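Asks:
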Amino acid sequence: MEQYYLILVVVLFALAISDLVVGVSNDAVNFLNSAIGSKAAPKWIIFTVAALGVLVGSVFSSGMMEVARKGIFHPDMFMFSEIMIIFLAVMITDVILLDMFNTFGLPTSTTVSIVFELLGSAVAVSLVKIQRAGDSISTLYKYINSEKALAIISGILISVIIAFAVGAIVQYISRLVFSFRQHRTLKYYGAIFGGLSIAAMTYFMLIKGAKGATFMSDELVAFLMDNIFNLLLISFIGWTIILQLLYWIFKIDIPKMIVLVGTFGLAMAFAGNDLVNFIGVPLAGFQSFTAWSASGGVGADAFSMEMLKGKVPTPEYMLVIAGLVMIITLITSKKARNVVATTVDLSRQSEGDERFGSSVLSRVIVRKTIQANKNIRKLIPHQLNAAIDSRFEHPKAAPAKKGEEKAAFDKIRAAVNLIVSGILISLGTSLKLPLSTTYVTFMVAMGTSLADRAWGRESAVYRISGVFAVVGGWFLTALVAFSVSAVIAWIISIGGNYMVFAFIVLAIFTIARTHIILKKKAATRKSEEEENIVETDEADKVIEKTKKQVVNAVLTINKVYSVSLESFLREDRGHLKEALDAKDSFNKKTKKMKNKLSEVITTLQQSDSLEIGHFYVQLVDYLREVFHSLNYLVEPMYEHLENNHRPFVAAQVKELNSFITETNDFVNLTLHVVKEERFEEIDNVIRQRDELIVKLSALEKAQIKRIKNKEVNTRNSVLFFNMITETKNLLMNYVNLIKAQRDFFSRAKK
17 MEQYYLILVV VLFALAISDL VVGVSNDAVN FLNSAIGSKA APKWIIFTVA ALGVLVGSVF
77 SSGMMEVARK GIFHPDMFMF SEIMIIFLAV MITDVILLDM FNTFGLPTST TVSIVFELLG
137 SAVAVSLVKI QRAGDSISTL YKYINSEKAL AIISGILISV IIAFAVGAIV QYISRLVFSF
197 RQHRTLKYYG AIFGGLSIAA MTYFMLIKGA KGATFMSDEL VAFLMDNIFN LLLISFIGWT
257 IILQLLYWIF KIDIPKMIVL VGTFGLAMAF AGNDLVNFIG VPLAGFQSFT AWSASGGVGA
317 DAFSMEMLKG KVPTPEYMLV IAGLVMIITL ITSKKARNVV ATTVDLSRQS EGDERFGSSV
377 LSRVIVRKTI QANKNIRKLI PHQLNAAIDS RFEHPKAAPA KKGEEKAAFD KIRAAVNLIV
437 SGILISLGTS LKLPLSTTYV TFMVAMGTSL ADRAWGRESA VYRISGVFAV VGGWFLTALV
497 AFSVSAVIAW IISIGGNYMV FAFIVLAIFT IARTHIILKK KAATRKSEEE ENIVETDEAD
557 KVIEKTKKQV VNAVLTINKV YSVSLESFLR EDRGHLKEAL DAKDSFNKKT KKMKNKLSEV
617 ITTLQQSDSL EIGHFYVQLV DYLREVFHSL NYLVEPMYEH LENNHRPFVA AQVKELNSFI
677 TETNDFVNLT LHVVKEERFE EIDNVIRQRD ELIVKLSALE KAQIKRIKNK EVNTRNSVLF
737 FNMITETKNL LMNYVNLIKA QRDFFSRAKK
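Per the numbering used here, the sequence shown starts with residue 17, numbered consecutively.
1. From what residue to what residue does the alpha helix (DSSP H) around Asp92 run?
2. According to DSSP, what are the bridge partners of Ile160?
3. From the DSSP secondary-structure annotation, give me the bridge partner or partners of Ser583.
4. Of the residues Ile337, Val376, Tyr219, which one's Cα is nearest the Cα of Gly438?
5. So, Val341 versus Ile33, is the Cβ gap smaller than 8 Å?
6. Let me check understanding here. Comparing Cα to Cα, which of Ser601, Leu173, Phe519 lies closest to Thr540?
7. Can you grab the Cα-Cα spacing for the pair Gly463 / Ile62, in whole Å?
8. How would you label Asp115, buried or exposed, when you count the other beta carbons within 10 angstroms and need 16 or more for buried?
9. Helix, strand or coil for Val751, going by three-state DSSP, please let me know.
10. Terminal residues of the continuous alpha helix (DSSP H) containing Phe132?
11. Ser320 bridges to which residues according to DSSP?
12. With a CB to CB cut of under 8 Å and the five nearest residues on each side skipped, what residues in its chain are close to Glu716?
13. With a threshold of 6 Å on Cβ separation, who are the neighbours of Ile99 within its own chain once the five nearest residues in sequence on each side are excluded?
14. DSSP three-state call for His410: helix, strand or coil?
15. By DSSP, does Arg763 sit in helix, in strand, or in coil?
16. Please report how far the alpha carbon of Ile524 lies from the alpha carbon of Lys607, in whole angstroms.
17. Any beta carbon from chain B within less than 8 Å of Gln668's own beta carbon?
18. With H, G and I counted as helix, E and B as strand and the rest as coil, what does DSSP make of Asn574?
19. Can you tell me whether DSSP reads His688 as helix, strand or coil?
20. Tell me, to the nearest whole angstrom, how far the beta carbon of Val275 is from that of Ser54; I am working on the premise that it is less than 8 Å.
21. Return yes when the Cβ of Val436 is within less than 8 Å of the Cβ of Gly73, no when it is not.
22. Please report the distance separating the alpha-carbon of Pro298 from that of Ser175.
23. Alpha carbon to alpha carbon, how far is Val487 from Ala149? Give it in angstroms, no decimals.
24. Are the region 203-219 and the region 483-500 touching by the rule of at least three beta carbon pairs closer than 8 Å?
25. Within 10 angstroms of the Cβ of Gln19, are there 16 or more other Cβ atoms? Answer buried if so, exposed if not.
26. Sort Asn243, Leu236, Ile270 by Cα distance to His199 and report the nearest one.
27. Once DSSP output is grouped into helix, strand and coil, what is the label at Pro652?
28. Could you say if the region 648-667 and the region 693-708 meet the contact criterion of at least three C-beta pairs nearer than 8 Å?
29. Under three-state DSSP, which class holds Phe196?
30. Among Asn293, Thr686, Thr279, Ile520, which has the Cα closest to the Cα of Ser6?
31. Any idea if Ser501 is buried or exposed, counting beta-carbon neighbours within 10 angstroms, 16 or more meaning buried?
32. Short of 7 Å in beta carbon distance, which residues of its chain neighbour Ser481, apart from the five on each side in sequence? Order them along the chain.
33. Would Thr119 be called buried (16 or more neighbouring beta carbons within 10 Å of its own) or exposed?
34. In terms of residues, what are the limits of the alpha helix (DSSP H) holding Phe458?
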């Protein structure tokens with residue numbers, strides 16, 4: 017049996033490495049979103065600073081991994097074999113759960129997930145023990161430390177409300193002081209702001225770092241804590257003087273320094289605080305195995321885990337290895353960027369593509385808030401309202417440099433995000449409140465974006481829906497973590513050793529599947545980015561991208577049309593569903609193009625081609641019209657097949673298959689005209705279009721003949737005529753699209 021449990025320990029550590037990877041991908045949002053969103057520095061500098069913070073934090077990490085060993089359950093009530101089941105269920109669930117959240121770009125708390133996984137698996141194993149012993153379920157309290165779970169739930173509510181409110185208040189005051197023209201006010205208050213910020217981050221790093229460091233003596237920690245006020249005062253005065261001198265001499269960017277220091281501090285805290293979430297359970301499993309192996313032949317079912325109640329420091333080399341794995345993941349993980357993008361998008365100062373739709377609740381909140389704001393403004397003197405509004409006015413933005421994206425928000429907001437997050441997490445630690453770093457940093461970012469008037473009337477409903485989606489996901493984390501780990505632990509307890517390996521295979525399969533999903537999303541995003549017209553594009557680039565948009569649209573339209581018709585005629589529901597999904601993707605793409613019309617027209621004006629904006633608007637309009645034709649064509653076919661109605665008769669199938677072939681020839685000609693820019697051949701396109709419309713009329717007459725001969729029923733006829741009508745509309749808009757592309761191209765080339 018010793019070899020079996022040794023294999024389980026190896027599996028635990030393998031899962032720990034996987035958990036580190038998915039955990040860092042999720043928690044990277046905590047310390048990267050402010051620096052990346054404000055573009056405080058090149059990404060390689062941001063990642064280097066964060067990596068250093070992670071490495072230092074892993075060394076400073078608390079060696080007392082108590083949550084995994086005794087925070088949720090009473091280890092002396094379990095035997096070694098039962099403890100290993102609990103730990104395996106926790107790690108398998110954690111890897112699957114965090115990976116799924118990362119794939120969908122939703123930040124969640126690794127602390128909450130690990131706590132509720134431990135709680136769920138411990139409850140399941142306890143219930144199995146109680147049942148086998150013939151005891152009452154009321155004895156469950158002997159096994160479980162339920163207070164910890166209740167503290168975590170209260171911590172969620174406390175951190176969500178306090179972080180949002182404090183972030184909003186501090187940002188509002190900061191914006192009143194600095195405004196959006198901070199280059200003027202930074203001359204006078206920048207050094208004080210910087211000194212205060214770095215002093216706050218010093219306090220944060222001392223509270224979160226020094227107190228948990230394995231190499232610092234108790235006397236040194238006590239000295240630091242006793243003299244914390246003096247240290248902070250010296251830090252504030254010293255940094256204020258240093259920053260003012262550096263500003264006078266070198267004109268340094270003070271907010272940039274604050275953001276980088278804050279990024280380092282939060283990265284350090286993440287590694288020091290959350291490392292237990294990833295390696296605490298495997299380490300506890302390893303310590304349990306070591307103790308059992310040294311017991312001298314006591315059976316795994318008879319060896320009590322009372323030793324886990326003690327304090328066992330973690331070897332520093334393990335912490336360093338874990339830190340290095342974190343750094344590698346941080347630099348290479350695409351999922352980390354996916355999660356960061358969600359928070360940055362919800363905080364963005366400007367309008368743009370919104371990741372979330374609106375909801376009834378968000379609409380009601382926005383409506384009531386607008387009304388309340390109007391009433392409050394009536395009570396405030398007009399001059400004061402005007403003075404406040406002037407602090408929130410944006411200066412005319414300079415055009416972005418070639419190849420650069422605009423910052424989602426400025427460095428003042430980024431600095432406030434980091435400072436407030438750091439202070440709140442420090443206070444939570446010193447007051448022993450179970451605050452989650454993820455919850456605090458996310459809600460502070462949302463509070464500061466609200467105070468900064470980033471949630472305008474054009475975006476507020478979508479941003480609020482996004483916040484509700486993320487916060488709802490946090491509570492869902494607790495529920496799913498508890499339920500899944502409980503089920504896994506219960507099945508392993510009942511089913512025996514073989515179930516362990518079955519669940520490991522399931523975990524590998526789930527991760528592989530989510531990786532494929534993410535890869536598809538990344539490929540789609542890359543394709544869209546290649547087509548998207550941005551402010552920095554010059555005239556030639558705009559023409560090239562527009563051509564690519566039209567070519568891809570023509571290919572997509574033909575694919576959806578031909579595949580949907582062929583699949584319908586074969587009664588192939590699977591491929592028809594794929595065509596339906598492709599149609600929906602085309603809808604989202606063209607809708608996004610329509611939403612970005614203002615941005616694109618601005619770009620076209622900057623490229624000295626003022627009149628081509630009109631042709632681009634036409635082009636997008638015809639793309640939308642093509643979608644509507646596709647939608648009215650494909651949806652009824654899918655509904656017909658879904659409801660298992662009679663297929664088309666043989667004559668209809670033959671006619672439509674022949675028509676599909678001719679349509680493909682027509683599409684190939686249009687592609688040739690657009691790709692090769694042979695717009696002088698557009699008359700051939702129109703001629704072929706007209707020939708196809710004549711053939712559609714012939715198909716209509718053939719259908720009327722079948723109706724008279726009673727070969728087809730009413731449902732068949734309605735669908736067939738609808739297909740003919742929408743195909744005509746499609747062909748008309750096809751040619752209009754090519755004409756719009758011709759006009760756009762010829763005007764842009766002049």
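Ideal placement from N, C-alpha and C gives every residue a C-beta, glycine not left out. In this text the structure is predicted, and so the values were computed from the model without any measurement.
Replies: By the coordinates alone:
1. For Asp92, no alpha helix (DSSP H) segment is defined, and its DSSP state is neither H nor E.
2. Paired residue(s): Phe89.
3. Paired residues: none, contrary to the question.
4. Of the candidates Ile337, Val376, Tyr219, the one whose C-alpha sits nearest the C-alpha of Gly438 is Tyr219.
5. Contact: yes.
6. Of the listed residues, the one whose Cα sits closest to Thr540 is Ser601.
7. Here the C-alpha atom of Gly463 lies approximately 23 Å from the C-alpha atom of Ile62.
8. Flag for Asp115 reads buried.
9. Here Val751 carries a helix assignment [DSSP, helix/strand/coil].
10. For Phe132, the uninterrupted alpha helix (DSSP H) run begins and ends at 126-149, by DSSP.
11. DSSP lists Met95 as the beta-bridge partner residues of Ser320.
12. Taking Glu716 as the centre and dropping the five residues before and after it, the same chain places the C-beta of Phe737, Ile740 closer than 8 Å to its C-beta, in chain order.
13. Within its own chain, the residues whose Cβ lies closer than 6 Å to the Cβ of Ile99, once the five positions on either side in sequence are excluded, are Ser304, Met321, listed in chain order.
14. In the structure shown, His410 sits in coil (DSSP, three-state: anything other than H, G, I, E or B).
15. In the three-state reduction of the DSSP assignment, Arg763 falls in the helix class, which pools H, G and I.
16. Going by the C-alpha atoms only, they are around 37 Å apart.
17. No chain B is present in this structure, which holds just one protein chain.
18. In this structure, Asn574 counts as helix in the three-state DSSP scheme.
19. Helix at His688.
20. About 6 Å separates the two Cβ atoms, so the contact holds.
21. Not in contact: Gly73 and Val436 (Cβ atoms no closer than 8 Å).
22. Note on geometry: alpha-carbon atoms of Pro298 and Ser175 lie some 28 Å from one another.
23. Distance between the alpha carbons of Ala149 and Val487 is about 41 Å.
24. Because the criterion of three Cβ pairs below 8 Å is not met, the region 203-219 and the region 483-500 do not touch.
25. Answer is exposed; the Cβ neighbour count stays below 16.
26. Measuring C-alpha to C-alpha distances from His199 to each of Asn243, Leu236, Ile270 identifies Ile270 as the nearest.
27. The answer is helix: DSSP assigns Pro652 an H, G or I state.
28. Taking 8 Å as the limit for Cβ pairs, the verdict is that the region 693-708 does not touch the region 648-667.
29. Three-state DSSP puts Phe196 in coil, outside helix and strand.
30. Residue 6 lies beyond the range of the chain shown here (17 to 766); nothing can be said about it.
31. With a 10 Å radius around the Cβ and a threshold of 16 neighbouring Cβ atoms, Ser501 comes out buried.
32. Non-local beta-carbon contacts of Ser481 in its own chain, meaning distances under 7 Å to residues more than five positions away in sequence, involve Phe372, Gly373, Ser374, Ser375, Ser378 in chain order.
33. Around the CB of Thr119, 16 or more other CB atoms lie within 10 Å, so the residue is classed as buried.
34. Looking at the DSSP string, the run of the alpha helix (DSSP H) that includes Phe458 is 453-467.
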